[in-house]
Amino acid sequence: MRFIHTADWHLGRVFLGVHLTDDQAHLLDQFVDLARSAKPDAVIIAGDVYDRAVPPLKAVTLLSDVLSRLVLEVGTRVVLIAGNHDGPERLSFARRLLGRQNLHVVGNLTGMGAPLTFADRYGVVDVFPVPYADPAVAREWLGHSENGPRDHDQAMRALLARVRAAPGHAPSSSLTPSSPARPRATRSARSQLAGPEPWRPLPSKVSPT
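Residue 1 is where the sequence shown starts when you use the numbering used here, and the numbers rise one by one after that.
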(Lines of atoms letter the chains of each structure in order from A; the text may use other names.)
(Lines give C-alpha, C1' and ligand atoms only; values in the text may rest on other atoms or scores of the structure.)
Protein backbone atom coordinates (compact mmCIF):
# COMPACT_ATOMS: atom_id res chain seq x y z
CA MET A 1 0.00 0.00 0.00
CA ARG A 2 1.29 3.47 -0.85
CA PHE A 3 0.72 6.83 0.83
CA ILE A 4 2.07 10.28 0.08
CA HIS A 5 2.58 12.08 3.38
CA THR A 6 3.04 15.84 3.45
CA ALA A 7 2.57 18.75 5.85
CA ASP A 8 3.35 22.40 6.57
CA TRP A 9 2.18 23.95 3.33
CA HIS A 10 1.52 27.26 5.13
CA LEU A 11 -0.58 28.61 2.27
CA GLY A 12 -0.94 32.38 2.42
CA ARG A 13 2.47 32.90 4.02
CA VAL A 14 4.07 36.34 3.72
CA PHE A 15 7.87 36.13 3.94
CA LEU A 16 9.82 39.36 4.35
CA GLY A 17 6.89 41.27 2.89
CA VAL A 18 6.53 38.96 -0.12
CA HIS A 19 3.35 36.94 -0.66
CA LEU A 20 4.37 33.36 -1.43
CA THR A 21 1.05 32.13 -2.86
CA ASP A 22 2.20 32.12 -6.50
CA ASP A 23 5.36 30.18 -5.57
CA GLN A 24 3.29 27.77 -3.51
CA ALA A 25 0.93 27.24 -6.44
CA HIS A 26 3.91 26.36 -8.66
CA LEU A 27 5.16 23.80 -6.13
CA LEU A 28 1.71 22.32 -5.65
CA ASP A 29 1.36 21.83 -9.41
CA GLN A 30 4.41 19.58 -9.11
CA PHE A 31 2.89 17.88 -6.09
CA VAL A 32 -0.25 17.01 -8.06
CA ASP A 33 1.96 15.63 -10.84
CA LEU A 34 3.75 13.50 -8.24
CA ALA A 35 0.45 12.10 -7.02
CA ARG A 36 -0.65 11.43 -10.58
CA SER A 37 2.50 9.42 -11.37
CA ALA A 38 2.81 7.66 -7.98
CA LYS A 39 -0.86 6.58 -7.87
CA PRO A 40 -1.06 6.46 -4.05
CA ASP A 41 -3.89 4.89 -2.11
CA ALA A 42 -4.15 8.19 -0.25
CA VAL A 43 -2.53 11.58 0.22
CA ILE A 44 -2.17 12.48 3.91
CA ILE A 45 -1.76 16.19 4.74
CA ALA A 46 -0.68 16.40 8.37
CA GLY A 47 -1.46 19.93 9.42
CA ASP A 48 -0.56 23.58 8.91
CA VAL A 49 -2.11 23.65 5.48
CA TYR A 50 -2.65 27.39 6.04
CA ASP A 51 -0.26 29.85 7.63
CA ARG A 52 -2.91 31.40 9.87
CA ALA A 53 -6.37 30.66 11.19
CA VAL A 54 -8.07 33.16 8.85
CA PRO A 55 -6.21 32.70 5.55
CA PRO A 56 -6.36 35.12 2.62
CA LEU A 57 -8.77 34.41 -0.22
CA LYS A 58 -6.01 33.40 -2.67
CA ALA A 59 -4.79 30.76 -0.23
CA VAL A 60 -8.30 29.32 0.19
CA THR A 61 -8.79 29.26 -3.58
CA LEU A 62 -5.44 27.53 -4.07
CA LEU A 63 -6.22 24.82 -1.52
CA SER A 64 -9.65 24.25 -3.06
CA ASP A 65 -8.07 23.86 -6.51
CA VAL A 66 -5.35 21.45 -5.36
CA LEU A 67 -7.71 19.25 -3.34
CA SER A 68 -10.19 19.16 -6.22
CA ARG A 69 -7.50 18.02 -8.63
CA LEU A 70 -6.24 15.34 -6.25
CA VAL A 71 -9.70 13.90 -5.60
CA LEU A 72 -11.49 14.45 -8.91
CA GLU A 73 -8.69 14.23 -11.47
CA VAL A 74 -6.04 12.03 -9.86
CA GLY A 75 -8.73 9.95 -8.16
CA THR A 76 -7.02 9.50 -4.80
CA ARG A 77 -8.42 9.77 -1.31
CA VAL A 78 -7.16 12.70 0.74
CA VAL A 79 -6.86 12.82 4.53
CA LEU A 80 -6.35 16.32 5.93
CA ILE A 81 -5.86 17.23 9.59
CA ALA A 82 -5.47 20.64 11.21
CA GLY A 83 -2.22 21.97 12.65
CA ASN A 84 -1.66 24.74 15.15
CA HIS A 85 -1.66 27.39 12.39
CA ASP A 86 -5.04 26.30 11.00
CA GLY A 87 -8.50 27.39 12.10
CA PRO A 88 -9.98 23.97 12.96
CA GLU A 89 -13.64 24.94 12.65
CA ARG A 90 -13.13 26.70 9.32
CA LEU A 91 -11.06 23.82 7.98
CA SER A 92 -13.78 21.34 9.03
CA PHE A 93 -16.54 23.10 7.07
CA ALA A 94 -18.82 20.54 5.35
CA ARG A 95 -16.51 17.69 6.40
CA ARG A 96 -19.28 15.07 6.42
CA LEU A 97 -20.29 15.98 2.90
CA LEU A 98 -16.69 16.10 1.71
CA GLY A 99 -15.98 12.73 3.29
CA ARG A 100 -18.51 11.16 0.94
CA GLN A 101 -16.32 12.42 -1.93
CA ASN A 102 -13.12 10.88 -0.50
CA LEU A 103 -11.86 14.13 1.04
CA HIS A 104 -11.58 13.44 4.77
CA VAL A 105 -10.99 16.53 6.92
CA VAL A 106 -10.46 16.41 10.68
CA GLY A 107 -10.07 19.89 12.12
CA ASN A 108 -10.68 19.28 15.81
CA LEU A 109 -10.95 16.40 18.24
CA THR A 110 -14.70 16.11 17.86
CA GLY A 111 -14.03 15.02 14.28
CA MET A 112 -12.06 12.00 15.48
CA GLY A 113 -14.32 9.03 15.04
CA ALA A 114 -13.98 5.66 13.40
CA PRO A 115 -10.71 5.13 11.54
CA LEU A 116 -10.50 5.50 7.78
CA THR A 117 -10.07 2.06 6.26
CA PHE A 118 -8.00 1.15 3.22
CA ALA A 119 -7.69 -2.35 1.77
CA ASP A 120 -5.25 -4.23 -0.42
CA ARG A 121 -4.40 -7.89 -1.03
CA TYR A 122 -2.68 -8.10 2.36
CA GLY A 123 -5.71 -6.96 4.31
CA VAL A 124 -6.83 -3.59 5.64
CA VAL A 125 -5.08 -0.49 6.96
CA ASP A 126 -6.84 1.75 9.49
CA VAL A 127 -5.78 5.39 9.46
CA PHE A 128 -6.49 7.37 12.62
CA PRO A 129 -6.34 11.14 11.91
CA VAL A 130 -5.30 13.03 15.06
CA PRO A 131 -5.35 16.84 14.67
CA TYR A 132 -3.42 19.37 16.71
CA ALA A 133 -5.00 20.25 20.04
CA ASP A 134 -3.98 22.55 22.88
CA PRO A 135 -3.45 20.71 26.19
CA ALA A 136 -6.57 22.32 27.68
CA VAL A 137 -8.69 21.16 24.73
CA ALA A 138 -7.20 17.67 24.93
CA ARG A 139 -7.94 17.50 28.69
CA GLU A 140 -11.57 18.43 28.14
CA TRP A 141 -12.01 15.97 25.27
CA LEU A 142 -10.36 13.17 27.23
CA GLY A 143 -12.43 13.95 30.31
CA HIS A 144 -9.34 14.68 32.44
CA SER A 145 -10.20 17.95 34.12
CA GLU A 146 -7.62 17.72 36.92
CA ASN A 147 -4.94 15.15 36.16
CA GLY A 148 -4.81 15.39 32.38
CA PRO A 149 -1.98 16.48 30.10
CA ARG A 150 -0.32 19.82 30.91
CA ASP A 151 1.86 20.36 27.84
CA HIS A 152 1.73 19.56 24.14
CA ASP A 153 3.86 16.43 24.40
CA GLN A 154 1.66 14.98 27.14
CA ALA A 155 -1.47 15.90 25.19
CA MET A 156 -0.32 14.08 22.05
CA ARG A 157 0.77 11.04 24.05
CA ALA A 158 -2.63 10.90 25.75
CA LEU A 159 -4.49 11.23 22.46
CA LEU A 160 -2.42 8.49 20.83
CA ALA A 161 -3.01 6.27 23.86
CA ARG A 162 -6.75 6.74 23.33
CA VAL A 163 -6.32 5.80 19.67
CA ARG A 164 -4.36 2.65 20.57
CA ALA A 165 -7.10 1.64 22.99
CA ALA A 166 -9.77 1.89 20.29
CA PRO A 167 -11.67 -1.36 19.58
CA GLY A 168 -10.12 -3.36 16.78
CA HIS A 169 -6.81 -1.50 16.86
CA ALA A 170 -3.77 -3.67 16.19
CA PRO A 171 -0.13 -2.50 16.33
CA SER A 172 1.42 -2.49 12.87
CA SER A 173 4.50 -4.30 14.25
CA SER A 174 2.39 -7.45 14.62
CA LEU A 175 1.70 -7.59 10.89
CA THR A 176 3.48 -9.66 8.28
CA PRO A 177 2.62 -10.26 4.60
CA SER A 178 1.64 -13.79 5.57
CA SER A 179 -1.16 -12.58 7.83
CA PRO A 180 -3.61 -10.89 5.45
CA ALA A 181 -6.60 -11.20 7.77
CA ARG A 182 -5.12 -8.96 10.46
CA PRO A 183 -5.77 -5.25 10.40
CA ARG A 184 -2.88 -2.84 10.12
CA ALA A 185 -2.98 0.60 11.68
CA THR A 186 -1.24 3.90 11.25
CA ARG A 187 -1.65 7.24 12.97
CA SER A 188 -1.43 10.61 11.29
CA ALA A 189 -0.87 13.06 14.10
CA ARG A 190 0.02 16.72 14.35
CA SER A 191 2.48 17.56 17.13
CA GLN A 192 3.52 20.97 18.40
CA LEU A 193 7.25 21.65 18.39
CA ALA A 194 8.80 23.95 20.93
CA GLY A 195 10.36 27.17 19.70
CA PRO A 196 9.87 29.18 16.52
CA GLU A 197 9.20 27.28 13.31
CA PRO A 198 11.16 28.50 10.27
CA TRP A 199 9.72 28.53 6.77
CA ARG A 200 10.74 25.57 4.65
CA PRO A 201 9.79 24.11 1.26
CA LEU A 202 6.79 21.83 0.92
CA PRO A 203 7.94 18.44 2.23
CA SER A 204 6.60 15.31 0.59
CA LYS A 205 7.52 11.66 0.72
CA VAL A 206 6.25 8.58 -1.03
CA SER A 207 6.43 5.65 1.36
CA PRO A 208 5.15 2.10 0.90
CA THR A 209 3.77 0.33 3.98
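The C-beta atom is built at its ideal place from N, Cα and C for all residues, glycine as well.
Rounded to whole angstroms, the gap between the alpha carbons of Ala25 and Leu62 is 7 angstroms. Sorting Leu98, Val130, Ala59 and Thr6 by C-alpha distance to the C-alpha of Val71 places Leu98 at the top. Contiguous beta strand (DSSP E) elements confined to the region 60 to 93 occur at 77 to 81, taking only those with 3 or more residues. Shown here for Asn102: same chain residues with a beta carbon closer than 6 angstroms to its own, the five before and five after excluded, namely Val71 and Arg77 in chain order. By the CB criterion at 8 angstroms, Pro129 and Val79 fall inside the cutoff. Counting along the chain, no beta strand (DSSP E) covers Leu97; the unbroken alpha helix (DSSP H) around it starts and ends at Arg95 to Gly99. Asp41: not part of any alpha helix (DSSP H); DSSP gives it neither H nor E. Counted as a single uninterrupted DSSP element, the stretch harbouring His5 is not any alpha helix (DSSP H) but the beta strand (DSSP E) occupying residues Arg2 to Thr6.
Per the DSSP secondary-structure output, His104 pairs in a beta bridge with Val79. For the pair His104 and Arg162, the Cα-to-Cα distance works out to about 20 angstroms.
CA-to-CA, the gap between Met1 and Val127 works out to about 12 angstroms. Leu16 is not a Cβ neighbour of Tyr50, given a cutoff of 8 angstroms. Annotation: Leu20 is outside any alpha helix (DSSP H) and is labelled neither H nor E by DSSP.
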